[in-house]
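To start, the structure itself, in structure tokens.
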Amino acid sequence: MIVPLQVCVAGCTAGQRAKQVPHGKYVAGASILVGTAITMFLLVLLNVFPFTPRYIIPIAGIMVGSAMRVTGVSMKRLRDDIKTQMSLVETALALGATPRQAILQQVKRSLVVGLSPILDNAKTVGLISLPGAMTGLILGGASPLEAIQVQIVIMAMVLGASTISSVMSADLCWRAFFTKAYQLETKVFMSD
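Structure representation (structure tokens):
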């Protein structure tokens, strides 16, 4: 009951960041839900954590929060990049490219921008900053080795959920930028 509420709030928040993307809240919500569900399913399947509310709610919250940030940034960046490079996209379309081919570089750039903070955090965890789970376990009396193991699992699932959510949101939202005739939908790019 709590995890679906987390996903709904995260979808609305990420969609608000990318409010110029048509149906942005729904795209963000669906992307966050799928990214979190797949990652959570793998954690349960591999028996990494027990399937109890004590573990599932905070772990899902961490994944949903991370996926929310990445999804909102990726969707906003994709729309902004296409708007900035409309003439380039229209030229590619005029030369016979499909909409997907015409915006491939913008999609890649939006994913890189969206995932960069998560990747940087994963590279420096434990060296520059001590994340909450690791610090809490150490202060709670757990051995540092156990705390590090838990933090590695958490970073892996954050990366997984964020990557899946970001890729899915970019894949779902780019279609709204084009008409059925494979032209840019200019009304999407009018408002700011």
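Its first residue numbered 383, the sequence shown is counted upward by one per residue in the numbering used here. Glycine included, every Cβ here is placed at the ideal spot set by N, Cα and C. Predicted model only: the values in this text are computed from it and were never measured.
With 16 other Cβ atoms within 10 Å as the buried cut-off, status of residue i
i, result
"Lys490", "exposed"
"Gly542", "buried"
"Val455", "buried"
"Val549", "buried"
"Leu521", "exposed"
"Phe559", "buried"
"Arg461", "buried"
"Ser492", "buried"
"Gln483", "exposed"
"Arg459", "buried"
"Ala563", "exposed"
"Ser413", "buried"
"Met537", "buried"
"Leu527", "exposed"
Rounded Cβ spacing between residue i and residue j (contact assumed at less than 8 angstroms)
i, j, result
"Val426", "Ser547", "That pair is no contact at about 18 angstroms."
"Ala449", "Ser544", "5 angstroms"
"Met457", "Val507", "Wrong, their Cβ atoms sit about 26 angstroms apart, outside the cutoff."
Limits of the unbroken alpha helix (DSSP H) element including residue i
i, result
"Asn429", "Unbroken run through Asn429: none, as it is neither H nor E."
"Tyr564", "Premise fails: Tyr564 is in no alpha helix (DSSP H) and is neither H nor E."
"Pro440", "Pro435 to Thr466"
"Thr517", "Gly514 to Leu521"
"Gly542", "Pro526 to Cys555"
"Val391", "Ile384 to Arg399"
"Ile485", "Here Ile485 belongs to no alpha helix (DSSP H), and DSSP marks it neither H nor E."
Own chain residues within Cβ distance below 6 angstroms of residue i, not counting five before or after
i, result
"Met516", "Ala529 and Gln533"
"Leu554", "Val409"
Residue i Cβ short of 7 angstroms to the ligand FMN heavy atom set
i, result
"Ala515", "What this structure holds is no ligand at all, so the ligand FMN is not there to describe."
Within-8 angstroms CB hit, residue i to chain D
i, result
"Ala412", "No chain D is part of this structure, which consists of one protein chain only."
Sequence-distant residues of its chain with Cβ nearer than 8 angstroms to residue i (five each side left out)
i, result
"Cys390", "Gly411"
"Thr421", "Met445, Met539, Gly542, Ala543 and Ile546"
"Leu477", "none"
Residue of the options minimising C-alpha distance to residue i
i, options, result
"Gly447", "Trp556, Asn429, Arg461 and Gly417", "Gly417"
"His405", "Met468, Ala552, Gly496 and Gln565", "Ala552"
"Val385", "Ala474, Lys562, Ala396 and Tyr437", "Tyr437"
"Lys569", "Leu475, Ile464, Gly523 and Ile500", "Ile464"
"Arg399", "Lys505, Gly496, Leu475 and Met572", "Gly496"
Own chain residues within Cβ distance below 7 angstroms of residue i, not counting five before or after
i, result
"Val535", "Val430"
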